[in-house]
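To start, the structure under review is shown below, and the notes come after it.
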Amino acid sequence: MNNESPLKAVIVVTTTAFLCSVVVTVAAVMLQPMQRAYEDLERNRAVVAISGLTDRAAELSDREIVTLFQELEARIVDLESGAFDERYNPGTFDTWKSAGDPALSTAIPAKQDLAKLNRRSRLVTVYLVKDANNLKRMLLPIYGQGMWSTLYGFLALEPDLNTIADITFFEQAETAGIGDKILKPAWQASWRGKKLYDENGKLRLGLVSEPADATALAAVYGVDAISGATITVGAVTNLVRYWFGPHGFEPFLEAYRVGSVQ
Ligand SMILES: Cc1cc2nc3c(=O)[nH]c(=O)nc-3n(C[C@H](O)[C@H](O)[C@H](O)COP(=O)(O)O)c2cc1C
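Residues in the sequence shown are numbered from 17 upward in steps of one, following my numbering.
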């Protein structure tokens, strides 16, 4: 065919475009498992970072993270019954994906939906850190809507299942330099030692409204502000209040505390 022919130009351009799209599609499909494995690894690194098993998770190699992660006891909690569910493998069960599965998820009543999720999975994977069968920490997933993005993280509890040992977020897309300050170690450290519930079992975290003893209450239940990022910090406080409220982990934590689930 003549090189000057418009038909030849159309054929060459179309064929090149088609071949390029095939290459891109095949590469994207082939890289998907690798990308998923990388995401899992980053999530597991976040879990290990608040497990109390190491204080330098960010510097550990992937292999070291996997080794420490395997020391944790992964269990699936049924949030409706407040008991462990043994039917699924916690190694492969996907809490976040199940939130979109009508058979495995439940609608959140609008009044209780502080995390702005609409639905959540009925079953949730938690991690127990144990030393000779004694609970050292419990790591629970938390997530909810921030200002611009869904914030995904974990909160670690001390063995009293009330004192916060640590908090971390492994996925978020808040504004760099503003909302993403929730990733700063200093802010995360300000959560350590704070309590979720008062002595009557009432969820108090984040709510410091009584002026009479506001300072004393803030020291125990208050969440530190981040100047200029009030919306993201408010969202974190609200999602923690959802997950540790009556529609979240509260029934399970009560049952675990009194020993009726093990
Ligand atoms: C472009 C832009 C991005 C912003 N991103 C965030 C954010 O990610 N998180 C946040 O809490 N506030 C963000 N803000 C600020 C909020 O609009 C709001 O002013 C702030 O949360 C109030 O905090 P303050 O009461 O400490 O001033 C952003 C503002 C602008 C203009």
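Cβ coordinates follow ideal geometry from the N, Cα and C atoms, glycine included. None of these values were measured; they are calculated from a predicted model.
Pick from the options that is closest to residue i, judged by C-alpha positions
i: residue 215; options: 177, 161, 139; result: 177
i: residue 245; options: 193, 130, 119, 17; result: 193
i: residue 122; options: 139, 75, 107; result: 139
i: residue 64; options: 163, 142, 274, 236; result: 142
i: residue 89; options: 188, 204, 155; result: 155
i: residue 237; options: 243, 248, 253; result: 253
i: residue 191; options: 43, 31, 37, 163; result: 163
i: residue 205; options: 30, 29, 66; result: 66
i: residue 114; options: 251, 28, 135; result: 135
i: residue 213; options: 187, 179, 71, 77; result: 179
i: residue 130; options: 161, 144, 102; result: 161
i: residue 259; options: 133, 116, 85, 25; result: 133
i: residue 82; options: 93, 53, 185; result: 53
i: residue 278; options: 102, 124, 116; result: 102
i: residue 175; options: 19, 46, 274; result: 274
Residue i: first and last residue of the uninterrupted beta strand (DSSP E) it sits in
i: residue 8; result: Nothing about residue 8 can be read from this structure; the chain reaches only from 17 to 278.
i: residue 187; result: 180-187
i: residue 11; result: Residue numbering for the chain in the displayed model covers 17 to 278; residue 11 lies beyond these limits and cannot be assessed.
i: residue 123; result: 121-123
Euclidean distance between Cα positions of residue i and residue j
i: residue 207; j: residue 158; result: 14 Å
i: residue 128; j: residue 220; result: 15 Å
i: residue 73; j: residue 61; result: 7 Å
i: residue 235; j: residue 38; result: 59 Å
i: residue 111; j: residue 91; result: 11 Å
i: residue 151; j: residue 109; result: 23 Å
i: residue 241; j: residue 42; result: 46 Å
i: residue 49; j: residue 231; result: 50 Å
i: residue 32; j: residue 262; result: 58 Å
i: residue 202; j: residue 249; result: 14 Å
i: residue 59; j: residue 210; result: 24 Å
i: residue 243; j: residue 28; result: 57 Å
i: residue 187; j: residue 171; result: 14 Å
i: residue 256; j: residue 30; result: 53 Å
i: residue 145; j: residue 44; result: 37 Å
i: residue 17; j: residue 24; result: 7 Å
i: residue 148; j: residue 182; result: 22 Å
i: residue 71; j: residue 34; result: 50 Å
i: residue 40; j: residue 57; result: 25 Å
Bridge-paired residues (DSSP) for residue i
i: residue 141; result: 92
i: residue 211; result: 179
i: residue 168; result: 159, 187
i: residue 150; result: 147
i: residue 99; result: 94
i: residue 72; result: Residue 72 is not bridged to any residue.
i: residue 173; result: 154, 180
i: residue 135; result: 123
i: residue 219; result: 213
N-terminal and C-terminal residue of the alpha helix (DSSP H) that residue i is part of
i: residue 276; result: Note, residue 276: premise wrong, no alpha helix (DSSP H); not H, not E.
i: residue 114; result: 111-114
i: residue 279; result: A query on residue 279 cannot be resolved here, the shown segment of the chain reaching from 17 to 278 and no further.
i: residue 250; result: 246-259
i: residue 85; result: 78-85
- Query: Is the segment 94-101 in contact with the segment 262-277, if contact means three or more CB pairs nearer than 8 Å?
  - Reply: yes
- Can at least three beta-carbon pairs, one atom from the segment 187-202 and one from the segment 153-170, be found at a separation below 8 Å? yes
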